[in-house]
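Q:
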Amino acid sequence: MRSLFFFALIWFGFSAFANAQDNAKLQVGGATIDVSLDPAPPAALRKLVLNWIATAARAVSIYYTKFPVSHVDIAVNFHEGEGVGSGRAFGWKHAHISISVGQSTTAADLTDDWMITHEMVHLAFPSVADSHHWIEEGLATYVEPVARARAGDLLPQKVWGDMFDAMAQGLPKAGDRGLDFTHTWGRTYWGGALFCLLADIEIRKRTGNRLGLEEAMRGILKAGGSIEVEWPLERVLQIADQAVGVRVLEELYDRMKAAPVSPDLHQLWKDLGVDRQGGKVVFDDSAPLASIRKAITASVASGSAFRN
Ligand SMILES: [Zn+2]
Numbered sequence: 001m002r003s004l005f006f007f008a009l010i011w012f013g014f015s016a017f018a019n020a021q022d023n024a025k026l027q028v029g030g031a032t033i034d035v036s037l038d039p040a041p042p043a044a045l046r047k048l049v050l051n052w053i054a055t056a057a058r059a060v061s062i063y064y065t066k067f068p069v070s071h072v073d074i075a076v077n078f079h080e081g082e083g084v085g086s087g088r089a090f091g092w093k094h095a096h097i098s099i100s101v102g103q104s105t106t107a108a109d110l111t112d113d114w115m116i117t118h119e120m121v122h123l124a125f126p127s128v129a130d131s132h133h134w135i136e137e138g139l140a141t142y143v144e145p146v147a148r149a150r151a152g153d154l155l156p157q158k159v160w161g162d163m164f165d166a167m168a169q170g171l172p173k174a175g176d177r178g179l180d181f182t183h184t185w186g187r188t189y190w191g192g193a194l195f196c197l198l199a200d201i202e203i204r205k206r207t208g209n210r211l212g213l214e215e216a217m218r219g220i221l222k223a224g225g226s227i228e229v230e231w232p233l234e235r236v237l238q239i240a241d242q243a244v245g246v247r248v249l250e251e252l253y254d255r256m257k258a259a260p261v262s263p264d265l266h267q268l269w270k271d272l273g274v275d276r277q278g279g280k281v282v283f284d285d286s287a288p289l290a291s292i293r294k295a296i297t298a299s300v301a302s303g304s305a306f307r308n
């Protein structure tokens, strides 16, 4: 997410917050994560925030097999109130993330938060021209819950239920053009996420469900791609396709970049075996793409994975 403003920092009156900035260093997925906490929070909140960052970094590291960059600075600014806001990822000069956390934020708020994981996914994709912003946001929107499910931090029911509810926002509306030409919020975040879901399914179809979007994205990191470099999108997609040996991303991009492609989502959910009945997410494991749906969100974490 790229937000346009930061919350005002109001720390006067919060005696538990010290004036000075606090720093911490985390090692996750082969990366050094330098966290600055401003102003220095009380010990209990400090612990929660560092655990929240480490948990997200671990999920992203599982998806990509390592953290996307070897070093990142994360600036946490505390605002008055509760919850997480104003996340942004930057590649300019070096990878860094800024994010705002409410001083009254609870452990449950941080467990529910998607934003820090979303920003970390941004670190794994090269900076591309503005017209392709949809792939940056779409990938972060799609991979964030999938990576957390792979890590055992989200239930598949939650991931697929949210996609079932939200994905239609990515469909082209009357007068919309292809993804490179219509830059509304819906087409950018959910149009991009739909592109990623379609690519994930197609890679799995063509590889007998052996490989998916994650292996394609790992190929980009292996080739030296990250938010710290600026590459043409065509080059990024070619490298990703080569990593899985099927030309799915390039073909899908050719289809969707200029034309308003509108897949039948009703049929897609049916094929994946995802439905919502009375507010509850229901899976149909006899659906033709059920094994692909299961593979996308299967937890790979050791032990009894789900923690929430
Ligand atoms: Zn974003």
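Using the numbering used here, read the sequence shown as starting at 1 and increasing by one per residue.
The beta carbon of each residue, even a glycine, is placed where N, CA and C say it ideally should be.
Note that the structure is predicted; figures quoted are calculated from it, not measured.
(1) Name the one or two DSSP bridge partners that Asn77 has.
(2) Taking its Cβ as the centre, do 16 or more other Cβ atoms sit within 10 Å of Ser304, making it buried, or is it exposed?
(3) Helix, strand or coil: which one does DSSP assign to Val274?
(4) Thinking C-beta only, is Ser226 closer than 8 Å to Ala54?
(5) Would the beta-carbon of Arg206 fall within 8 Å of that of Val143?
(6) Under a Cβ-count criterion, where at least 16 other Cβ atoms within 10 Å of its own Cβ denotes burial, should Gln103 be classed as buried or exposed?
(7) Is Gln157 helix, strand or coil when you go by DSSP?
(8) Is the number of C-beta pairs between the region 57–73 and the region 131–150 that are closer than 8 Å three or more?
(9) So what's Arg210 in DSSP terms, helix, strand or just coil?
(10) Of all the options Tyr64, Leu48, Arg150, Ala166, which has the alpha carbon lying nearest to the alpha carbon of Asp109?
(11) Is it the case that the CB of Ala140 approaches a heavy atom of ligand 3 more closely than 7 Å?
(12) What is the rounded straight-line gap between the Cα of Ser98 and the Cα of Phe78?
(13) Taking the alpha-carbon positions, what's the Trp190 to Thr105 distance?
(14) Suppose you measure from the CA of Leu26 to the CA of Arg177; what does that come to, to the nearest Å?
(15) Relative to the C-alpha of Arg46, which residue among Val76, Gly30, Asp285 is closest?
(16) Suppose you measure from the CA of Leu51 to the CA of Ala24; what does that come to, to the nearest Å?
(17) Could you give the first and the last residue of the continuous alpha helix (DSSP H) run that contains Gly138?
(18) I want to check one thing, is the minimum distance from the CB of Glu144 to the heavy atoms of ligand 1 below 7 Å?
(19) Can you give the Cα-Cα distance for Phe7 and Thr184, rounded to whole angstroms?
(20) Apply the 10 Å Cβ neighbour rule to Ala258 and answer buried if 16 or more other Cβ atoms are within range, or exposed otherwise.
(21) Indicate whether the contact test is met: 3 or more Cβ pairs, each with one atom in the region 262–281 and one in the region 163–171, closer than 8 Å.
(22) Quick check: is any heavy atom of ligand 1 less than 7 Å from the C-beta of His118?
(23) In angstroms with no decimal places, state the Cα-to-Cα distance between His132 and Ala240.
(24) Where do the N-terminal and C-terminal ends of the alpha helix (DSSP H) with Lys294 fall, by residue?
(25) For the alpha helix (DSSP H) holding Asp336, just list the boundary residues, first then last.
(26) Looking only at DSSP bridge pairs, what is Lys222 linked to?
(27) Can you say whether His118 is buried or exposed, counting buried as having 16 or more other CB atoms within 10 angstroms of its CB?
(28) How about Glu250: is its Cβ closer than 7 Å to a heavy atom in ligand 1?
(29) How far does the beta strand (DSSP E) with Arg88 in it extend, from its first residue to its last?
(30) Output needed for Tyr253: all residues of its chain with C-beta closer than 7 Å, excluding positions within five of it in sequence on either side, in chain order.
(31) Ignore the nearest five residues each way along the sequence and tell me which others in Ser291's own chain have a CB closer than 7 Å to its CB.
A: Let me spell this out:
(1) Asp38, Ser100
(2) Reliability of the predicted coordinates at Ser304 is poor, the pLDDT of 42 falling under 50, and the value obtained from them is presented with this limitation in mind. Per the 10 Å Cβ criterion, exposed.
(3) strand
(4) no
(5) no
(6) buried
(7) helix
(8) yes
(9) coil
(10) Leu48
(11) This structure lacks ligand 3; the ligands present are ligand 1.
(12) 11 Å
(13) 28 Å
(14) 44 Å
(15) Val76
(16) First, the residue type needs correcting, since residue 51 is Asn and not Leu in the sequence shown. Computed Cα separation, rounded: 11 Å.
(17) 133–150
(18) no
(19) Confidence at Phe7 is low in this model, with a pLDDT of 37, below 50, so the placement of that residue is unreliable and no value is reported for it.
(20) exposed
(21) yes
(22) yes
(23) 16 Å
(24) 290–297
(25) Here the chain comprises residues numbered 1 to 308, so residue 336 is not present and cannot be evaluated.
(26) The partner list for Lys222 (beta bridge, DSSP) is empty, contrary to what the question assumes.
(27) buried
(28) no
(29) 84–90
(30) Leu237
(31) Asn209
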